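Read the structure below first, then the notes.
In UniProt numbering, the protein residues as written are 1 to 165.
Right, here's the structure in full:
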């Protein structure tokens with residue numbers, strides 16, 4: 001039951017992921033409708049069996065005031081797939097400012113990336129070019145649909161039309 005369910009707003013835009021249990025409660029209370037069923041089993045009660053939801057749509061449109069992704073240590077590491085963006089290591093990870101703060105660099109999606117302690121120390125207060133390091137993936141702000149893809153782990157094929165950028 002650790003599968004995720006894609007939750008669509010009333011206008012069919014993706015807004016979040018939730019657990020199968022939470023989706024079933026929304027369906028049972030008629031607060032959502034099932035758009036697609038999961039291919040992975042059913043939910044059973046003592047007397048009935050229900051299809052597992054893969055995509056649900058809320059019956060009412062919910063105004064989402066902030067559609068951005070919060071800038072946090074965990075979200076940056078998730079965006080960078082928990083790998084050092086210089087050498088690819090997955091050990092002793094920390095955050096690195098591409099343009100160091102000592103040189104006026106800010107803490108933003110485009111200036112922060114995941115780096116191992118060794119590479120971060122080797123870079124010091126220099127830019128990657130000055131330190132002779134190459135960035136594997138240029139840091140950028142993720143989109144909501146892209147971040148939902150990262151958060152889901154495995155993507156149900158039914159989700160693809162709703163997770164286009």
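In this text, a Cβ means the ideal position worked out from N, Cα and C, and glycines have one as well. On a predicted model such as this, the values are computed, not experimentally measured, just so you know.
- Within the same chain, and ignoring the five residues on either side of residue 16 in sequence, the residues whose Cβ sits closer than 6 angstroms to its Cβ are 7.
- CA-CA distance, residue 109 to residue 43, rounds to 40 angstroms.
- Bounds of the beta strand (DSSP E) holding residue 19 are 14 to 19.
- Secondary-structure assignment with DSSP links residue 114 through a beta bridge to 95.
- Taking the C-beta atoms as reference points, residue 37 is found nearer than 7 angstroms to residue 51.
- Looking only at 27, 90, 103, the smallest Cα-Cα distance to residue 59 is reached by 27.
- The beta carbon of residue 85 lies closer than 7 angstroms to those of 113, 114, 115, 135, 136, 137 in the same chain, with the five residues before and after it left out.
- A residue is called buried once 16 or more other Cβ atoms fall within 10 Å of its Cβ, and residue 120 is buried on that count.
- Between the beta-carbon of residue 65 and that of residue 23 there is about 23 angstroms, and that puts the pair past the 8 angstroms contact cut.
- Classified as buried, residue 96 has 16 or more neighbouring CB atoms from the shown chains inside 10 Å of its CB.
- CA-CA distance, residue 70 to residue 145, rounds to 14 angstroms.
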